[in-house]
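Reviewing the structure listed below.
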Amino acid sequence: MVQISSLKQRFIQQFGGDGSGISVFQAPGRVNLIGEHTDYNGGAVFPAALTFGTTLLIAPRDDDKLGFASTNFPQSKVVSADVSFEEDDWTNYPKGIVWELAQQGIGLSQGYNFLYHGEIPNGSGLSSSASVEVVTAFALLTLEGQPTDTVQIARWSQHAENEFVGVKCGIMDQFAVANGRKDHAILLDCDTLKYTLVPFRSGEYKIVIGNTNKRRGLVDSKYNERRSECDQAVSDLQTVFPELTLLGQLTPSQFNVNDHLIKNDTVRRRARHVIEEIDRVQQSMVVLSKDDLAAFGVLMNASHDSLRDLYEVTGNELDAMVAAARKVPGVLGSRMTGAGFGGCTVSLVHQDAVERFISEVGSEYESETGLKADFYVCDIGDGVREITGEA
Ligand code: ADP
Ligand code: MG
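What follows is the structure, encoded as structure tokens:
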């Protein structure tokens, strides 16, 4: 756990002053338990906030500029509040929030210095970017005396990432980071943004995240390709469903009767994944309401297999890690989480098997791929918040 007092020293080194006037905020990372590549199809997702994430120290400046620094990146800078996008620059994420607030008619009344400290591996599908966005929005709205509606913050943060940073992500990441609750997962309908906090009683089982440490090189182009394949499926299905705008609006039986309308085989398989994955999220709610974690594990496995065979977003590394995980006794289920092509897996592992899991999955994964894995044994934490009295 990060020491706020040492971050305050770092803030003073970076920006000067005596440390008075610093406020501290935290936002978590998130893991999606099931419901992958459903968010931009208007389907349901089931993410949970993690107990680790991004800490932001922020204080007003004497001028109207913005000073940015991060313990995770060497580059720091002071920019005007009239922000602009710069290529290959982490400050686009917080600058995107400043831009978005201005779009919403919330100009800043003063300049601020920002120091970020992230405990989430970047680019691994645990949503470090959403964590940075949401913590920035929550902090600025708080300090500007504006309402901090966490659903609104999620929407604005997604819009900033879409339009300012230029990444066409769905709403899930920002939503989970903004609205998470300790020991609960979030059932979110990405079409209506209606959500339910569902107690996740994992009992003797632990959520274990495995990071493949494989760079997600292909992810942006493949992600956009999948999105346009889903658009193509919708457009083919509109011959029978003229009102259809998103695949998630169809039931599995409506889809099964009409899937022949989708002319291209590949596009049909992509759509089938989306429809069945949304159904798996609904089935998960039923089994979890009975505390049937074993049945939930079966659904997690089916989710991964569909992402591998129908949606084709896994790749050798994720498949190797999941295959190794499923061999360990005491594992109920294992799947990729996030956009895919690298990044992380999530597994439900009996608490007595966690040590064996980490050692056996780590060594089998390394011998299969030549890459070293990292593992995080996780608890479910709270969403974005202000931290007081921890100096
Ligand atoms: P993910 O959200 O899956 O971790 P992304 O590629 O969407 O991966 O976001 C990672 C980017 O977010 C980083 O390259 C960096 O630009 C920014 N970022 C994340 N965490 C921090 C941090 N602690 N400090 C500064 N920038 C960060
Ligand atoms: Mg991201």
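Just so you know, we're using the working numbering here: the sequence shown kicks off at 10 and counts up by one.
Yeah, the Cβ is synthetic: ideal placement off N, Cα and C, and Gly gets one too.
Fair warning: this is a prediction, and the values are worked out from it, not measured in the lab.
Counting C-beta atoms within 10 angstroms of its own C-beta, L202 has fewer than 16 neighbours from the protein chains shown and is therefore classed as exposed. Excluding its 5 nearest sequence neighbours in each direction, D300 has C-beta neighbours in its own chain below 7 Å: R210, listed in chain order. Taking the CA atoms as reference points, D48 sits about 35 Å from S89.
A Cβ-Cβ separation of about 5 Å places L66 in contact with F20 under the 8 Å criterion. Pairing A111 with V143 gives a Cβ-Cβ distance that is not under 9 Å. Collapsing the DSSP output to three states places L255 in coil. No Cβ-Cβ contact shorter than 9 Å links R235 with H359.
Separation of G257 and Q119 (C-alpha to C-alpha, rounded to the nearest whole angstrom) is 43 Å.
Not one heavy atom of the ligand ADP lies closer than 8 Å to the C-beta of N50.
Of the other Cβ atoms in all chains shown, 16 or more fall within 10 Å of the Cβ of D328; this residue is therefore buried.
R335 has its alpha-carbon roughly 11 Å from the corresponding atom of V307. The DSSP assignment places complete beta strand (DSSP E) segments of no fewer than 3 residues inside the segment 347-383 at 353-359, in order along the chain. The ligand MG approaches D182 closely enough that one of its heavy atoms is under 8 Å from the residue's Cβ.
With a threshold of 16 other beta carbon atoms within 10 Å, G212 falls short and is exposed. By the Cβ rule, the segment 52-60 counts as touching the segment 172-191, because three or more pairs are nearer than 8 Å. Note on the segment 69-108: there is no whole alpha helix (DSSP H) run with a minimum of 4 residues. Here G127 is not near T60, since their CB atoms are 9 Å or more apart.
N233 sits exposed, since fewer than 16 C-beta atoms from the chains shown fall within 10 Å of its C-beta.
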